[in-house]
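*Asks:* Sharing a structure, written as structure tokens. Questions coming.
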Amino acid sequence: MISTVVVGADGCKAGWIAVRRDLDAAPSVRVFPSFAALLDTLPADATVAVDMPIGLPAVSQRGGRGPETLVRPMLGARQSSVFSIPSRAALYADISDFTTVEAWYEAHRRASEVAKATSDPPRGVSIQAFGIFAKIREIDALLIARPQLRRRVFESHPEVAFCRLNGEKPMTLPKKIKGAVNPAGMEERKALLCRHGYTRAFLDQPPPRGAAADDFLDAAVMMLMAGRIAGGEAKPFPDPPLADRLGIPLAIWA
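Here the sequence shown stands for residues 35 to 288, numbered as in this note's numbering.
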């Protein structure tokens, strides 16, 4: 049965930004302080696609998990947007709330040590990947505590999604250059989203407080992926999906 509600989500400074579409209704956008708070607003049959790794390996192989190694070749110059995700042990090496920059870097060092010990060949953790560890753990904890969510919450990836929506051709321009939003890259993605049902007025609105403009577009394309998943049109990478040692599905859907 097709979900009556589809949601695309992405992590943001304030928590999570979500673009939601109810059956036969216009999309809406909202920021939530936690992923659990987002889920609490949804009906039981909602389908959620989220730009966050789901399913953690015991040992990380070259290139990260299986999904990362499969989708990178699709993306050309955009493949650097797909981070290698280390082992579950590395993700949980330090779960402190960091109160200083020094504590943050020390936690990154510890996570890298564990990652090197649980990867083949040994590999540390990039700063970019470490920056989303807390959000990966947030979803991971929910999928462990509430296994029924594994049939509702799916990992996707914005650049893979844009590529799939663009006839298997990756975006030609980056969304960001040296950490700053690239207007031409944003425009390229907005035009594609409009070809797939969004209005320009919706996409041109300022993002909610606590979210950036690129977070908003990522959540918007994630919502389209949730619709594809609910409608049986999306493909998992790999197909069929893998599972980690806790039985959590491990695939990028697009």
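The beta carbon of each residue, even a glycine, is placed where N, CA and C say it ideally should be.
Could you name the residues that DSSP lists as bridge partners for Ile211?
*Replies:* Counting from 1 along the sequence shown, the entry for residue 211 is found at position 177. Answer is Ala214, bridged to Ile211.
*Asks:* Which same chain residues, not among the five before or five after Pro270, have their C-beta less than 6 angstroms away from its C-beta?
*Replies:* By one-based count along the sequence shown, residue 270 stands at place 236. If we look at Pro270 and ignore the five residues flanking it on each side, its Cβ neighbours are Ala285 and Trp287.
*Asks:* Name the one or two DSSP bridge partners that Trp287 has.
*Replies:* Taking the sequence shown and counting its residues from 1, one reaches residue 287 at position 253. DSSP lists Pro270 as partners of Trp287.
*Asks:* Using only the alpha-carbon positions, how far apart do Ala214 and Ala225 sit?
*Replies:* Start at 1 with the first residue of the sequence shown, and residue 214 comes out as number 180. Start at 1 with the first residue of the sequence shown, and residue 225 comes out as number 191. Taking the straight line joining both Cα atoms gives about 20 angstroms.
*Asks:* Would you list the one or two residues that DSSP bridges to Phe66?
*Replies:* Within the sequence shown, numbered from 1, the residue matching residue 66 stands at position 32. Bridge partners of Phe66: Trp50.
*Asks:* Would you kindly work out how many angstroms separate the C-alpha atoms of Val65 and Lys47, rounded to a whole number?
*Replies:* Numbered from its first residue, the sequence shown carries residue 65 at position 31. Numbered from its first residue, the sequence shown carries residue 47 at position 13. Their Cα atoms are separated by approximately 10 angstroms.
*Asks:* Where does Ala246 fall in DSSP's three states?
*Replies:* Position 212 of the sequence shown, counting from 1, holds the residue named residue 246. Coil at Ala246, not helix or strand.
*Asks:* Got a sec? Which residues, its chain only, sit under 8 angstroms from Pro181 by beta carbon, not counting five neighbours each side?
*Replies:* Taking the sequence shown and counting its residues from 1, one reaches residue 181 at position 147. Correct list, in chain order: Gly281.
*Asks:* Does the stretch 200-207 come within contact of the stretch 107-114, defined as at least 3 CB pairs closer than 8 angstroms?
*Replies:* Counting Cβ pairs under 8 angstroms, three or more are found: they touch.
*Asks:* Based on the DSSP output, what are the partners of Glu265 in its beta bridges?
*Replies:* Translated into the one-based positions of the sequence shown, residue 265 becomes position 231. In the sequence as displayed, the identity of residue 265 is Gly instead of Glu. DSSP output for Gly265 lists no bridge partner at all.
*Asks:* Taking Ile166 as the reference, which of Gly100, Arg157, Trp138 and Arg186 has the closest Cα?
*Replies:* Numbered from 1 along the sequence shown, position 132 holds the residue referred to as residue 166. The candidate whose alpha carbon is nearest that of Ile166 is Trp138.
*Asks:* Beta-carbon within less than 7 angstroms of Lys150's beta-carbon, same chain only, minus the 5 sequence neighbours each way: which residues are those?
*Replies:* Within the sequence shown, the letter at position 116 stands for residue 150. Correct list, in chain order: Pro156, Arg157 and Gly158.
*Asks:* Whole angstroms are fine: how far does the CA of Pro283 sit from the CA of Ala195?
*Replies:* If you number the sequence shown from 1, residue 195 lands on position 161. If you number the sequence shown from 1, residue 283 lands on position 249. Cα to Cα, the separation comes out at about 19 angstroms.
*Asks:* Whole angstroms are fine: how far does the CA of Ser62 sit from the CA of Ala239?
*Replies:* Here residue 239 refers to the residue found at position 205 when the sequence shown is read from its first residue. Here residue 62 refers to the residue found at position 28 when the sequence shown is read from its first residue. Checking the displayed sequence, the identity of residue 239 turns out to be Gln instead of Ala. Between Gln239 and Ser62, the C-alpha separation is close to 11 angstroms.
*Asks:* Below 8 angstroms between beta carbons: does that hold for Ala260 and Gly49?
*Replies:* Taking the sequence shown and counting its residues from 1, the one referred to as residue 260 is at position 226. Taking the sequence shown and counting its residues from 1, the one referred to as residue 49 is at position 15. No.
*Asks:* Using a 10 Å radius around the Cβ and a threshold of 16 neighbouring Cβ atoms, would you call Lys209 buried or exposed?
*Replies:* For the purposes of this step, residue 209 is taken as the residue at position 175 of the sequence shown. By the 10 Å Cβ count, Lys209 comes out buried.
*Asks:* Could you say which of Glu136, Arg229, Ile263 and Met220 lies nearest to Ala247 if we only look at CA atoms?
*Replies:* Numbered from 1 along the sequence shown, position 213 holds the residue referred to as residue 247. The residue with the shortest Cα to Cα distance from Ala247 is Met220.
*Asks:* Is DSSP giving Val93 helix, strand or coil here?
*Replies:* As a working mapping, residue 93 is identified with position 59 in the sequence shown. It is coil, neither helix nor strand.
*Asks:* Anyone know if the C-beta pair for Asp44 and Ala264 falls short of 8 angstroms?
*Replies:* Locating residue 44 in the sequence shown gives position 10, counting from the first residue. Locating residue 264 in the sequence shown gives position 230, counting from the first residue. Not closer than 8 angstroms, so no.
*Asks:* Using 10 angstroms around the beta-carbon of Lys212, count the other beta-carbons present and answer buried if the total reaches 16, otherwise exposed.
*Replies:* As a working mapping, residue 212 is identified with position 178 in the sequence shown. Its Cβ having fewer than 16 others within 10 Å, Lys212 is exposed.
*Asks:* Among the residues of its own chain, which have a CB less than 6 angstroms from the CB of Ala235, if the five just before and after it don't count?
*Replies:* What you label residue 235 is simply residue 201 of the sequence shown in a count that begins at 1. Within the same chain, Ala235 has no close Cβ partners at all.
*Asks:* Is the closest heavy atom of the ligand GTP to the C-beta of Leu183 under 7 angstroms?
*Replies:* Absent from the structure shown: the ligand GTP. Ligands present: none.
*Asks:* Mind reading off the beta-carbon distance from Pro91 to Ser121? Whole number of angstroms is fine, and I expect it under 8 angstroms.
*Replies:* Your numbering for residue 91 matches position 57 in the sequence shown. Your numbering for residue 121 matches position 87 in the sequence shown. Correct: roughly 6 angstroms between the Cβ atoms.
*Asks:* Would you mind reading off the limits of the alpha helix (DSSP H) that contains Glu147?
*Replies:* Along the sequence shown, one-based indexing puts residue 147 at 113. Residues Val135 to Ala151.
*Asks:* Pull up the CB-CB distance for Val116 and Glu102, whole angstroms please, since I reckon it's below 8 angstroms.
*Replies:* Position 82 of the sequence shown holds residue 116. Position 68 of the sequence shown holds residue 102. 5 angstroms between Cβ atoms; contact.
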